[in-house]
Every structure is written in C-alpha cells, then in structure tokens.
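J.: Sharing a structure here in structure tokens format.
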Amino acid sequence: MIRSTSPVAELGVRAATPPALMVGMFLFFAGHNRPGGGFAAGLIIGAVVALRWMVGLRTTVVPSQLMAAGIVIVAGVALAPVLFGSVVLDQAVWSTSLPVLGKVKAGSAAIFDIGVSAIVVGLVIAVIDGLSPATTSAPEGQSS
Amino acid sequence: MSGSLIFAIAGLSAVGIYMITGRSLSRIVLGFALLGHASVLALLASGGPAGDPPLADRTTATEVANPVPQALALTAIVISFGLTLFLLALARRQQELTGDDLVEDDVEDRRIASQETP
Amino acid sequence: MVLRLAAIPPLVSTVVALGVLLGSSGDAPSLDVSWVPGLDLEFVFQIDSLAALMTLLVSGIGVLVFVYANGYFGPTAAGTGRFATTLLAFSTAMLGLVWADSVWTLFVFWEATSITSFLLVGHKSVDAAARLAARRALLITAGGGLALLAGLLILADRAGTTRLDDMGPVGGTAGGVAAALVLVAAATKSAQFPFHVWLPGAMAAPTPVSAYLHSATMVKAGVLLVALLGPALGETDVWKPVGIGFGLLSAFWGAIGALRHTDAKLILAWGTVSQLGLMIVLLSAGSGKAVFAAVSLILAHAVFKAALFMVVGEIDVRAGTRDISALSGLGSRMPLAAMVAVVSGASMAGVPPLLGFTAKEAAIEAALKMDGLEALVVGFAVIGGSVLTVAYTVRLLLGLFGPSDQPATDIADRRPAMAFPSALLAVGSVLGYVFLGTVNSLVRPAAVQVQPEAEVYYLLRWPGITTAFLISVAIVVAGSTVGWLVFRRPLGVPSPVGAGVVDRGTDGVLSVARFVTGRVQHGSLPVYMAVMAMTVIVAALPFAFDVEPSAIYLWDSPMQGVLAVVVVGAAVLTSGMASSRLGAALGLGSVGVAVSGLFVVHGAPDLALTQLLVETVIVVGFVLGLGHLTRRFPSAKAGWRLLRLVVSVCVGGAVALALASSASNPSGVPPLEDLTVAAVDEGGGNNLVNVILTDVRALDTLGEVVVLAVAALGILALTESGRSRKEEVA
C-alpha cells in the first residue's frame, strides 16, 4: 500500500542515498560551530534508511545491536575521563584539518556524538521496522 | 513577550488537552505531540525576545536570541520525540490486541469505586 | 537445629558485653560508619556502661530464649527458620539501638525494632488475631517513631550536636516540645497508658517472643530512651510532670489490668505495663537515687519477668491452656516450674533474699529522699504500684499452682529445653542477691552515666530495720491480702476498650481511603486527564493578578504572527481529521513544519532543523503505525464533549495567563557575552546551543540519550511481542 515497487522510485532513492548520507555527515561535523550535531545526523541517516525501506530496499542492520553499540560508546566516552583521573564527561579536544570541511576541532565530544547518532539511527529503524504493517501482524481483512 | 507566541502556545495547549481527554488512543498520541510543541515553544518564549541565531562568530552579543532555553528546548524535543514514538508503539500494540484503539476503563479501579463504603 | 545455631550470635555478644562490663578500663569501645557524608549522617556506636548492661540483658536473655524456643516449637514445627531469622534480626536491631550514640542511629534502630517486632508478633500469620495484634503494635509504635523523629530533630538542632554523649541540657519552648515528643515515643514503645493497648494483643505472639520482647528488650527501649535523653531534656518544664504522669497512670492501670485478667500471659503483660510505669516514674524524677533504683529495676525485671513468661509458656504447651481459672493441681505435677515461678514471682513482689527485693528497696528509699509534692507522687506510685504488684503476683501464683476445686489438669511430658532457661533465670534472681557486689558494679556505672549523683549509692543486701524496710513489709502484707481476696472473688475480665478504639480508628481510615480512592480513581482515563487539566486551570488563577499588559507585544516580526495562526489552525485541523490516518499525519506534519518556522523566526535554527527531522520520522511512524483503523468510535455524549471543550479552552487561557505573568516579571538579562566567550574559549565551538548541550549540560544530554534508548527498547519489546504472538497463532 505505502511501499512502492516502481523501479523509477527505487532508482531515485538509490541515487539520493549517497548525497543524503553526505548531508548527514556534514551535519555531524558542523555541530559545534553551526546548526547540526549527532542527533540531527542520526535522524537524517535514519530517514535515509526509512526512505529505502519504502521502496523495498530493506536494511540488514539489527536496531538493538546498533543501539547497544551506541550506548556502549556514549557510556564509554562519559566514563573514560575517570580512568585518566578527571571527572565524568570531561572532554578532550584536538584540532585538525580535513579536506572539504576545512579546519575542524575534533574532540571526545565527536565520539560521544557517534554514539548518539548510532542510538538515533537504531531508534528510527526500530520504529520503521516495528510499526510497518508488512512485518507486524496484520489480521486478514485489515491490511487492505 | 510576543503575543503571537502566546497565542500559538495557548492554542496548541487547548487543542492538545481536548485530544487527550478523548477515548481514542491515536488521538491521545496526537494530542501529546501537540502538547510537546506547546511546551517547547513556551520554553523558548520564556527566554526572551527573538533575535539572531546564537552563533558566536556571526553575530554580536546584543542582538542574539537567548541560547540557554534553546538548549533546554532541544532536549525537550528529543525526549518528546522518543515518548511520542513509544506511545505510537503502544497504540499499535493495543490495536493488534483488541482491533481498535479505544481506551477502556480500568476494570479493577471500577471495582474499587463500586464497593466504596463512606 | 536452626534455633540452636541462632543462639550462637547472642552468646558471643553476651561474652563481649561481660568482658566490657567486668574488665573495662578506660574508654568505651566505639565505632563510626559514614552513611551519607554530605548530610552528616553516620552510624555511631558506643558501648558505654548503660549500653553494656543492656547488651548483657538483650544477648544473655536472647541466648536463653533461643534455647527455650527450641523446646517451645518442638522438633517438628514448621517456620522455625523464619522465626529464628526474624528473632535474630530483632536482636540485632535491639543491640544497634542500645549501642547507638547518635540520634540518627538511635532512630534507625528504633524503627527497625518496631518492624521486626511486628513480624514476630504476627509470626502465626494464619491467625487473624495475631495479624490484627501485629498491625496494632506496628501502628502505635511506628506512630511513636514519628514523634521520636520530630523530637530528635528538634533536640539535635537545639543541642547543636547529634552525638548523645556530648549533648548538653536543652531548655526553652523547643526543648519542652522535644521532651514531650520523646516521652510520647517512649510511652508507645514501653506500652505506657494510654498507648499500652497494643501490648496485651501482642500476647498472640509465640511465648519465646513475649519472654524476649515484652520482658527484657523491646519494651525496655522506651525506658532506655528516657534514660538516654534524661540528661539532655531533664531540665525542661515538661519532662518531669509528663514522664511521671505517664508512669503513674501506667503503674496503676497496668496492675489493675493484671488483677482482672485470667489469662496468665495477659496478667504478665499487664504487669509489665505497670513495672515499666514504675521505671519511667523513677527515671523522670531524675534524682541520683531514683535513677539508680530504675536501672536496678531494669535488670531485676528482665530476669524475673522473662522467667515467668517462660514458665507460663511451658504450662501453655504442656497443659494446653494458660487460663488460671482452668488450671488445677500443677503445683505437684510441675514442681520445677512451680519453684521457678515462685522464686521469680517473689523477686517481682520484692521479697528477700532476691534481686527484686533490693531494687524495690532502692525505689522506696529514692521516694523517701524526695521532698514536697514530688515525694508524695513518686512515693504513691512506688508504694501503691508495689502493693498491687504483690497482689497480682500472689493471685497469679495461686491461680497457677494453688488449690482448686477442679480435677487436676492433664499435662504432657517435660521438655528440658523449656525448663532449663527459666530455671537458670530463677537461679539468677537468687545469685543476684548473693553476689550483690557484682550486680552493684554493673548497675552503678550505668546509673552514673545517666545521673552522676548516683555515684554514692549501692544496693543493700540487708538494710536493717529502716523506714523503707518497714514500708516494704507493709507492702507485702497488704498486697498478699489484696491478692488473696481477688483470687477468692474474681473481679471479672474487662473487655479491651482501648484496642477496640484503635481498631475502629484504623478501619475508619481504611474506609475513608477506600471512599476517596473510589471517587478519585474510578478508572476512566479521560476523566483523570480532565481532572488534571482542571487542576492546571485552578493553579493558574493566581497568575491573573500578576500580569503587566505592557510586557506583551503583538509579534517579533509579522511572519511570527502568520506562523502562529498557521500553527493553531493546523492543530485544530489535526483534531478534526484525526479519524483518518492520512489526515492526522498531514495535520501533525503541518503543525510541526509551522512550529519549525516559528523556531527559525525566533533565531533558533538548531531547533528548527531538529524539529523538522523529528517531525518527518513521527509522521512516517504515524502513517505506518496507525495504518488500518477501521472501527468508528462510539460518539461521546454531547455533554461530555462540551465539558472537554470548555476545559481545554480554559487550559489554553491558563497557559496564556502563566506565560503573560512570566513575561511581566523578567528575572534579569541573560549573560550572553559571558556565554559567548566561554563557549569559544572553553567549549571550543561557536554554536552556543550545542556547546551548552555538550559541555554545560553534558550529563543531561547523556540522560536524554538513555531515555531515547529506553524508549527504543520499549518499542522493540512491544513490536517483538506482537510478532511472536502471531507466530504462535500461526
């Protein structure tokens, strides 16, 4: 019903995937200086996955594993400073230059953001996957 | 404070309350989302007038919007996002189990209410 | 087996206490354990002389009670494991209370004894009477616990310290209030009139519990409290009259109760109320001699009362009843028990050559040493209470072992484990008299700790023909006569009035609770929501007086006005189209987009971006999730719809009022420049909002992420369970 099997749509989505992921990456790195951040990036990537789902391109990622990884990363970054004798959630900042993006200050906050993004992507996949009528129970006569 | 914002917040609250006092679970989820919007806007409005985006390298401090409520509001958006999705899943589960999304009365509570002895 | 094992810990602590008492030199052993360092909460223990004496009683009698329980329950009884555990827990709580040297420690263990004694009294949990008695005991003693907490809070505040041993005298109104509260707490715990009503009911407990809790330990906690806080609160105006009042009433009312009942265990329970009253009178009076006498009484009472409870329990188990009007001929059939009872009873009545005699003698001496009204009141309590004590003792002994017209009661075989502990305690009453010097060296330091003037006193083995001794003789003669008369011509068993009042009170509270619950929580979610909304409306009313119209302007920019109208319009549309999923999704989506627009206009691009992305996912979720609603809802009643409409419009008004009031009272200008500098220099970022989120509020952000993860787990669980159910069906 919602899912389109049109090859044109599928092609379009396939073509749109890389630029959308690029936007996600951009937002991820932009966060500290301009609007964006790990959460927004995660939502964009999640939206890409949702879009692909709609045209029949299923993902094989298991959301619970993705979220577990995210939580481990987030908790790890939060607790790591304690190992170095600092307080919980203290940050380390390194300054580097990357092509295209220019000079970025990468810090442990960026790793934290990776964890956030992983959790958000997992959440979005869980929602799309869990709520979609094709995969959950649809008693006869109701799924039109 | 901007009267327009107050109007938007009050309107969202009123419609949200109307929807969550109903019996349809999907309407309750919708109403909850509207109340979420209202509270985020209220946070923002309470922080002062509108201004330029709070980017340190683009604007001077005098005409910037207050960033603190924005940071708080961002958290609020994320939390209400998670909650709304969870409510959706609940509503969905209810549909699967009962075939509709009607909120039934709590049978146990009704039992206690009916045997009251003043 | 388990009961025998359980006797080991109290045995160890008895030995330790004896070591402290007899071999002590220098400082008392103490221990500090930090609990909540930020609040200065700590567990502080110190085994001083009084604590060591109480430890000896708690642990020594504890050992005997465990041995006794072994015989009482027999080898086949069920639930002895639970019994041993709870009794041991109680014993630990009691030791903690005795050792406590800070008011907080004292309170924690005070409550712990209330809870464990609740479990012990209700040990026979299938028995409704036992459950009722346990609940009553808990309600009264825990209520006293609240009074104690309040009293200790005031006391600690006034005294400027929480440590009991460096607490100076406290006076003034606050001191008086604290004194009254502490005395009420002591009265509930020590079963003083009118809080004594729980004690007779508590006799539903197994006899080992009564022998332990209602002779040596828990009921002594109130007396101990009066002793411990006497130095701090004794100088308030309230302490003496209230304490003596409680004690005097209890000494008489308890003794009268003991004269009227025919259940031997109840006689002992009422007798305990009376004896504890006497101790409280003496401690509240507070003179050196009185305190000394009170501490001696604590020791003597624990020894003879525990033995008497044990004998009554043995009779109960072997004869099948403990009603003195039904028992007959036990004197010859249970000679050992009779001997133990007579010795312990004589000690209770204050007959030489027994420990109880010297203690009572000291009490009479103390009363004689006072002057004026105090001498009159204390003397009245001591002498009157003693006469009645002799009377109910004589009646009890006659009833249990004396002559009777009825045929002799059949009794079961002897149980050595029950006979041995009581016999040992009876011997203790004699030995205490023989080795009075040792008893003196136990009692005097404990009394001195409460009242330094007690230093000069000692227990006399043979006072000679003094006034006190003559009074003592008169007491025994008068009491025996009264006891014999009452035995011949019973007074009739009273109906338990006080307990009934407490139970009616409890039932009343419960039925009010049921009524309120029925009204407030009647099961309809929409009504709950409406009630909450109405509460919001009422709560917002005060804001109406606080609005400054000049603080409100039309808009920040015309675009804001347009967007606000769009937001509200889209929200109303959403509500109208909610019955179709596409309509709902469309409505919600447009609200979200318009709100994002408001964010942009306000200067919050982060919010706008996030809101747009979030909205996308939510709309997709709606379209997928509520995909196939077919059923139409039964349309609500018109009246209810109108009410909902009114309530929601009022909520809108309330929210507007609150916002306007907040705008009318600005709380200052945001520190934008400081924030900007801090963000660039310390946070290393130009986007203030994100720097705040990741630096200043990093912990909140962590929490937010966890909330998301939990929500996602919930969604997974809900959808997975749906899936597995479908597979089962298939």
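Residue numbers (the working numbering), protein chains in the order written: chain W, 1 to 144; chain V, 1 to 118; chain D, 1 to 730. Quick reminder that beta carbons are idealized off the backbone N, C-alpha and C, glycines included.
1) Since V/F86 meets chain D, which of its residues come closer than 9 Å, beta carbon to beta carbon?
2) Between which two residues does the beta strand (DSSP E) containing D/V473 stretch?
3) Quick one: Cα of D/F309 to Cα of D/T207, how far?
4) For the alpha helix (DSSP H) that contains D/E365, what are its first and last residues?
5) Could you tell me how far apart the beta carbons of D/F622 and D/A571 are, in whole angstroms, since I believe they sit closer than 8 Å?
6) Cβ closer than 9 Å: which chain D residues qualify as neighbours of W/M67?
7) In the structure shown, what three-state DSSP assignment does W/V55 receive?
8) Which chain D residues are close to W/S132, counting only those with a beta carbon under 8 Å from its beta carbon?
9) For chain W, check one thing: does any of its Cβ atoms lie closer than 8 Å to the Cβ of V/V78?
10) Out of D/A227, D/V382, D/L708, state which residue places its alpha-carbon closest to the alpha-carbon of D/V98.
11) Measure how close the beta-carbons of D/V394 and D/W484 come, nearest whole angstrom, since I'm counting them as under 8 Å.
12) Using a Cβ-Cβ cut-off of 6 Å (strictly less than) and excluding sequence neighbours within five positions of D/V430, which residues of its own chain qualify?
13) Does the distance from the C-beta atom of V/S2 to that of D/Q611 stay below 8 Å?
14) Closest to D/L693 by CA distance: which of W/V48, W/I128, W/G42, W/G37 is it?
15) Using the Cα positions of V/L35 and W/M25, report the straight-line distance between them to the nearest angstrom.
16) Suppose only complete runs of 3+ residues qualify. What are the beta strand (DSSP E) ranges in the stretch 298 to 363 of chain D, listed by chain order?
17) With a Cβ-Cβ cutoff of 8 Å, do D/F543 and D/L657 count as a contact?
18) If I follow the unbroken beta strand (DSSP E) through D/S30, where does it start and stop?
19) Closest Cβ-Cβ distance between V/F7 and chain A: below 8 Å?
20) Whose C-beta lies closer than 6 Å to the C-beta of D/V103 among residues of the same chain, with five residues either side of it excluded?
21) Identify the residues that DSSP records as bridge partners of D/N686: which are they?
22) How should D/G703 be labelled, buried or exposed, when 16 other C-beta atoms within 10 angstroms of its C-beta is the threshold for buried?
23) Given this structure, state the Cα-to-Cα distance separating D/A293 from D/L120, to the nearest angstrom.
24) Below 8 Å on C-beta distance, what does D/P494 contact in chain V?
25) Could you check where the beta strand (DSSP E) with D/V44 kicks off and where it finishes?
26) Taking C-beta pairs closer than 7 Å, name the residues in chain W that V/R92 reaches, listed in chain order.
27) Helix or strand or just coil, what does DSSP make of W/S4?
28) Is the stretch 342 to 357 of chain D touching the stretch 283 to 293 of chain D in the sense that three or more CB pairs, one from each, lie closer than 8 Å?
29) Taking C-beta pairs closer than 8 Å, name the residues in chain W that V/A89 reaches, listed in chain order.
30) I'd like the list of long-range same chain contacts for D/S325, defined as Cβ closer than 8 Å, with 5 residues on each side in sequence excluded.
31) So is V/F81 in contact with chain D if we call contact Cβ pairs under 8 Å?
32) Between the alpha carbons of D/I298 and D/P75, how many angstroms are there, rounded?
33) For W/F148 and chain V, any beta-carbon pair shorter than 8 Å?
34) With a threshold of 8 Å between beta carbons, is D/G621 in contact with chain W?
35) Looking at the strands, I want to know which residues DSSP matches up with D/D165.
36) Is any beta-carbon of chain D found at less than 8 Å from that of W/A9?
T.: Looking at the coordinates:
1) V710, A711, A712, G714, I715, L718
2) From DSSP, D/V473 is part of no beta strand (DSSP E) but of the alpha helix (DSSP H) over 467 to 488.
3) 7 Å
4) 355 to 369
5) Contact doesn't hold; Cβ gap of about 15 Å is too wide.
6) L708, A709, A712, L713, L716
7) coil
8) L624
9) yes
10) D/A227
11) 6 Å
12) none
13) no
14) W/G37
15) 32 Å
16) none
17) yes
18) 30 to 36
19) Among the protein chains in the structure shown, which are W, V and D, there is no chain A.
20) L152, A156, T162
21) DSSP output for D/N686 lists no bridge partner at all.
22) exposed
23) 31 Å
24) The premise fails here: D/P494 is roughly 30 Å from chain V at the closest Cβ pair, so nothing lies under 8 Å.
25) 41 to 46
26) L131
27) Any reading at W/S4 is ruled out, since the residue's pLDDT is 49, under 50, leaving its predicted position unreliable.
28) no
29) V127, G130, L131
30) T262, G399, P490
31) yes
32) 34 Å
33) Residue 148 of chain W lies beyond the range of chain W shown here (1 to 144); nothing can be said about it.
34) yes
35) According to DSSP, which records beta bridges pairwise, D/D165 is partnered with nothing at all.
36) no
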